[in-house]
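In what follows, a single structure is set out as structure tokens and then discussed.
In this note's numbering, the protein residues as written are 1 to 236.
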């Protein structure tokens, strides 16, 4: 249920999506206001009006304090509880927080990159707060595929700040292997894309006052036609 709540799905599709994650079945109940909700441990029923109030500061996914924001005020009218309910709290900037924030975007990036080239795998890295840094593994068909993959990844996840595109022989779950690709397959004058004045994550401390930031894409793939020069030795 928590994972479903963190995933952006079309309006009205939240409950069917959650049901699929739970094997096709999801118990739901109707609140006094007519809203159908999952059979959760705790349900708060209320309404959102036009009033706003200062919220925060809170520790967010980067481990830094999010700025105080004006947010809508919720007026609660009822609370529903299971017998001996369990409250599930999430540690801010912990592994669970990063997983819930980032994991739903990995298939979006995968699908978008798959529209422009052959994609093999996608990872939002733990060091990038599970949200701001990505690595995309592709099989190149032309030399422009990596740059197309970079642009597709940024379009699919607008909060993505830096993305590295690598070949099939690079293990994207091994940061040493990704760094190796950057060290041996990147020319700084041709393989780094810098995009300025674009929307970034509101959670990034480096954002500007207008919400824009700078995105960097790195083509860490082999040069086509010269693959033999990049192949690593294999030991028996």
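We treat Cβ as the ideally placed atom computed from N, Cα and C, and that holds for glycine.
Give the straight-line distance between the Cα atoms of residue 214 and residue 86, rounded to the nearest whole angstrom. 42 angstroms
Going by C-alpha distance, which of 94, 93, 137 is nearest residue 110? 137
In this structure, how does DSSP classify residue 53 when only helix, strand and coil are distinguished? strand
Just curious, the beta strand (DSSP E) that residue 215 is in, first and last residue? 212–220
At the level of alpha carbons, what is the spacing between residue 211 and residue 21? 34 angstroms
Shortest alpha-carbon distance to residue 153 belongs to which of 198, 67, 105? 105
Buried or exposed: which applies to residue 95, given that a residue is buried once 16 or more other Cβ atoms fall within 10 Å of its Cβ? exposed
Rounding to the nearest angstrom, what Cα-Cα distance links residue 13 and residue 235 in this structure? 51 angstroms
Give a yes or no on whether the C-beta atoms belonging to residue 142 and residue 224 are separated by under 9 angstroms. yes
Would you be able to state if there are at least three C-beta pairs under 8 angstroms between the stretch 43–50 and the stretch 178–197? no
Contacts around residue 60, its chain only, beta-carbon distance under 8 angstroms, and the 5 residues preceding and following it disregarded: 66, 92, 93, 203
Checking the sheet assignment: what are the DSSP bridge partners for residue 134? 124, 163
Since residue 99 and residue 128 should fall inside the 8 angstroms C-beta cutoff, what is the C-beta to C-beta distance between them, to a whole number of angstroms? At roughly 13 angstroms, the Cβ-Cβ gap does not stay under 8 angstroms, so residue 99 and residue 128 are not in contact.
DSSP has residue 195 in a bridge; who is on the other side? 215
Cα-Cα separation, residue 208 to residue 24: 44 angstroms
Buried versus exposed, by CB contacts within 10 Å (16 or more), residue 123: buried
Whose CA, out of 188, 185, 43, 216, lies closest to the CA of residue 200? 216
In angstroms with no decimal places, state the Cα-to-Cα distance between residue 29 and residue 76. 18 angstroms
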